[in-house]
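Presented below is the structure to which this report refers.
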Amino acid sequence: MAIVFGGASAAFVPRVAYRLSVAAGVPPRAACVACGRRFAAGFPGWCRAGAVCPHAGRRVDHPVPGTVVVSAAAAGLLAVTSGPAARLPLLLVATVLGVLLAAVDRRCLRLPDPLVALFAVVAGAGLAVPARLPVALAAGAVVGAFYLFLALLPGRGLGLGDVKLGAVLGFVLGFGGWTAVAVGFAAAHAINGGIAAWLLITRRAGGERALPFGPALLAGALIGITAV
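First residue of the sequence shown: 1, per the working numbering; consecutive thereafter.
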């Protein structure tokens, strides 16, 4: 059931990601750039499965199959390793939110604060262990401070969204202990480095093109949560 939920929910991610993938301070997209039609007001304008504009007949966001597979796999992995069943619903919701964050970051190199905050609340509640709260707070502070230092360096490769998400993931992973934090962030940097190397080898990266770090951070956190 976890795999079904993860996959089915992810089918609705492309529309939401498309509307949220705008510059900082700009309201969500109100119309489809493919056909020019305005989205319906309220919930119906956000809740639509698929990435193809029904009027223009062409895709306007990342293909649904890839999003569904990633979300379903993450949900299934968490279902097997998450421990108490009562935590699983929150972790499944956090999975879909993580996929949404990654999709938005891939589109526009942004991690919207409201989404990061919602992810922090849901994931934190799903993994919270009261006795380990001091470690979680310390991990969040350490990672956040370190990433802020990196972001302030000349030629920085990190944005403030990455700093905030890193602090949140440090906090969340901290409930699993320092080993989970180390594994999660080591995996994130290994994944990001591997992607960067592949892009260079295939000559798909060049100039000042930036590589979104959010997807790698989230994937690394999943590894840290499930492997430790």
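Each residue gets a CB set at the ideal place from its N, CA and C atoms; glycine is no exception.
task = Could you check if P215 is buried or exposed, using at least 16 other CB atoms within 10 Å of its CB as the buried criterion?
result = P215 is buried by the Cβ-count criterion.
query = Should V135 be labelled buried (16 or more other beta-carbon atoms within 10 Å of its own) or exposed?
reply = Burial is judged here by how many other beta carbons sit within 10 angstroms of a residue's own beta carbon; V135 has at least 16 and is buried.
ask   = For R59, which residues does DSSP report across the bridge?
value = According to DSSP, which records beta bridges pairwise, R59 is partnered with V52.
inquiry  = Given this structure, state the Cα-to-Cα distance separating V172 from A141, to the nearest angstrom.
reply    = Those two C-alpha atoms are separated by around 11 Å.
inquiry  = Output needed for L115: all residues of its chain with C-beta closer than 8 Å, excluding positions within five of it in sequence on either side, in chain order.
reply    = Cβ contact annotation for L115 (same chain, cutoff 8 Å, sequence separation greater than five): L20, L97, L100, L101, V104, in chain order.
request  = Excluding the 5 residues preceding and the 5 following G76 in the sequence, name in chain order all residues of the same chain whose CB lies nearer than 8 Å to its CB.
outcome  = Within the same chain, G76 has close Cβ partners A2, I3, G6.
message = Given this structure, state the Cα-to-Cα distance separating Y147 from G161, to the nearest angstrom.
response = Answer to the nearest angstrom: the Cα atoms are 10 Å apart.
ask   = DSSP on A136, reduced to helix/strand/coil?
value = In the structure shown, A136 adopts helical secondary structure according to DSSP, grouped into three states.
key: Top-ranked residue by Cα proximity to V16, from G25, T67, H55, T81   = Among G25, T67, H55, T81, the Cα nearest to that of V16 is on T67.
ask   = Residues bridged to A245 by DSSP?
value = Residue coverage of the chain in this structure runs from 1 to 228, which leaves residue 245 outside it and unanswerable.
query = Given a threshold of 16 other Cβ atoms within 10 Å of its Cβ, counted over all protein chains shown, does V93 qualify as buried or as exposed?
reply = Classification for V93: buried.
ask   = What are the boundary residues of the alpha helix (DSSP H) that A74 is part of?
value = Its alpha helix (DSSP H) spans residues 64 to 81.
key: First and last residue of the uninterrupted alpha helix (DSSP H) at T95   = Residues 88 to 108.
task = Could you name the residues of the same chain whose beta carbon sits closer than 7 Å to that of R38, not counting the 5 residues immediately before and after it, in chain order?
result = These residues qualify, in order along the chain: A30, A31.
ask   = Taking L137 as the reference, which of P154, G170, L165 has the closest Cα?
value = The residue from P154, G170, L165 with its alpha-carbon nearest to that of L137 is G170.
Other residues of its chain near V129: CB distance less than 7 Å, five sequence neighbours each side excluded = Scanning its chain for C-beta atoms nearer than 7 Å, with the 5 sequence neighbours on each side dropped, one finds around V129 the residues F175, in chain order.
L289 vs P212 beta-carbon contact at 7 Å = Examination of residue 289 is not possible in this model, given that the chain is present from 1 through 228 alone.
query = Alpha carbon to alpha carbon, what distance is there between F43 and I195?
reply = I195 and F43: Cα-Cα distance of roughly 36 Å.
task = Would you identify the three-state DSSP class for A31, choosing helix, strand or coil?
result = DSSP places A31 in the strand class (E or B) of the three-state scheme.
ask   = Do you know offhand how far A120's Cα is from N192's?
value = Roughly 22 Å between the two C-alpha positions.
query = Between which two residues does the alpha helix (DSSP H) harbouring W249 extend?
reply = Nothing can be reported for residue 249: it is not among the residues displayed for the chain, which extend from 1 to 228.
ask   = Under 7 Å, do A167 and G184 count as touching if we go by C-beta distance?
value = At a Cβ-Cβ threshold of 7 Å, A167 and G184 do not count as neighbours.
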